[in-house]
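**Q** Using my numbering, you'd call the opening residue of the sequence shown number 409 and step up by one each time. Just so it is clear, CB atoms sit at the ideal spot from N, CA and C, and this is done for glycine as well. As the structure is a prediction and not an experimental result, all values here were calculated from the model.
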Amino acid sequence: MKIKLANLILENPVILASGTFDQTIANIIDLNKLGGLVTKTITLKPRAGNPLPHIIKTKYGFLNSVGLKNPGIEKYLKNELPFWKKFKTRIIPSIGGHTEKEYIELAKILNKNVDTIEVNISCPNVNCGGMAFGQDLKIVKRLITSVRKQFNGNIIVKLTPHVTDIISLTKIALKSGADIISLTNTFLGMEIDHKKKKAKLAKKFGGYSGPAIKPISLQLVWQVYNKLRCPIIGGGGISDFDDALDFIMVGATAISIGSGMYLDRKLPEKIAEKFEKINTNKIKGII
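This is the structure in structure tokens:
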């Protein structure tokens, strides 16, 4: 069951969310059965990431503070991208940076290698760039406009939910050159160890994901689709097929699975198989 997101054609609606898997996932699920996967956000130079621990489990979800740890674009093109391209699923690199110039340079480099990128302006775990860019409408306009000039293919913009007006933010991204909107990334949160009297994460806060954020994410997707009718990848708290279906019903064309894989490593494959029996065009945006 193929789906169309702007000019991006996928075999089915299931996409693996950036930063939630590594190459070992290929030993666990059949990647050829998925619509696509968004690889870990890449930067121009290698990043060591934040201090450990990177992920902790909470009562109702997970907190992560990886900090865009990655090998840099040079090693990504040499070692990472060729590995993922062995599979039939659509490979979508995610890009990030400390500065707007980094995003622009990455878009220029990847324009020669792929036909779709995700622009991550929503990461809550870096000291500059990331979510800070995604909260400033002027920067979003300038950044996406510049990336559009350097990249000829499909541009997915991953927005932060930490804004007061998600509609204005989405409008700016679309008018500046985004083809597809991805909603949502993690929400800021923290956990403390009351015995040690300190935060459990070294940076004190991190990105909160898991089943508890689904109602919030669902509302944001509904809000954007009903107002703008734009192509959306919806996600946040998906832990079974019913959750995935809910996102389609509120207007998403595709869905992304992230921390749900920590609860069930086979989850993306199971959901993809169930989508084979559903015509999502008949239920998209019916709520």
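Using a threshold of 7 Å, state whether the C-beta atoms of Gly457 and Gly475 are closer than that.
**A** Yes; because the gap between Cβ atoms is below 7 Å, this pair is in contact.
**Q** For a test of the three-state rule: what should DSSP assign to Ser473, helix, strand or coil?
**A** Correct three-state label for Ser473: coil.
**Q** Could you tell me the distance, in whole angstroms, from the CA atom of Leu766 to the CA atom of Ser473?
**A** Residue 766 lies beyond the range of the chain shown here (409 to 695); nothing can be said about it.
**Q** So, Lys566 versus Ser530, is the Cβ gap smaller than 7 Å?
**A** For Lys566 and Ser530, yes; Cβs fall inside 7 Å.
**Q** Could you check the C-alpha separation between Tyr633 and Lys483 for me, to the nearest Å?
**A** Roughly 37 Å between the two C-alpha positions.
**Q** Sorted by chain position, which residues of the same chain lie with C-beta nearer than 7 Å to Thr428's C-beta, five sequence neighbours on each side aside?
**A** Excluding residues within five positions, the ones whose Cβ falls inside 7 Å are Gly666, Ser667 and Met669.
**Q** Return the bridge partner residues of Thr524 from the DSSP annotation.
**A** The partner list for Thr524 (beta bridge, DSSP) reads Asn562.
**Q** Pull up the distance between the alpha-carbon of Lys448 and that of Pro501, whole angstroms please.
**A** Their Cα atoms are separated by approximately 7 Å.
**Q** Determine whether the beta carbon atoms of Lys682 and Phe649 lie at a separation below 7 Å.
**A** Their beta carbons are under 7 Å apart, which means Lys682 touches Phe649 by this criterion.
**Q** If you draw a straight line from the C-alpha of Lys516 to the C-alpha of Ser590, how long is it?
**A** Approximately 21 Å, taken between the alpha carbons.
**Q** Per DSSP, Ile640 is paired with what?
**A** Ile589, per the DSSP bridge assignment.
**Q** How would you label Asp573, buried or exposed, when you count the other beta carbons within 10 angstroms and need 16 or more for buried?
**A** Result: exposed.
**Q** Going by beta carbon distance, what residues of the same chain come within less than 8 Å of Lys696, once the five residues before and after it are set aside?
**A** With the chain running from 409 to 695 in the structure shown, residue 696 is simply not present.
**Q** Any idea what DSSP makes of Phe595, helix, strand or coil?
**A** Phe595 falls in the strand class under three-state DSSP.
**Q** Return the bridge partner residues of Lys692 from the DSSP annotation.
**A** According to DSSP, which records beta bridges pairwise, Lys692 is partnered with nothing at all.
**Q** Please classify Ile499 as buried or exposed, where buried requires at least 16 other C-beta atoms within 10 Å of its C-beta.
**A** The residue is buried, with at least 16 neighbouring Cβ atoms inside 10 Å.
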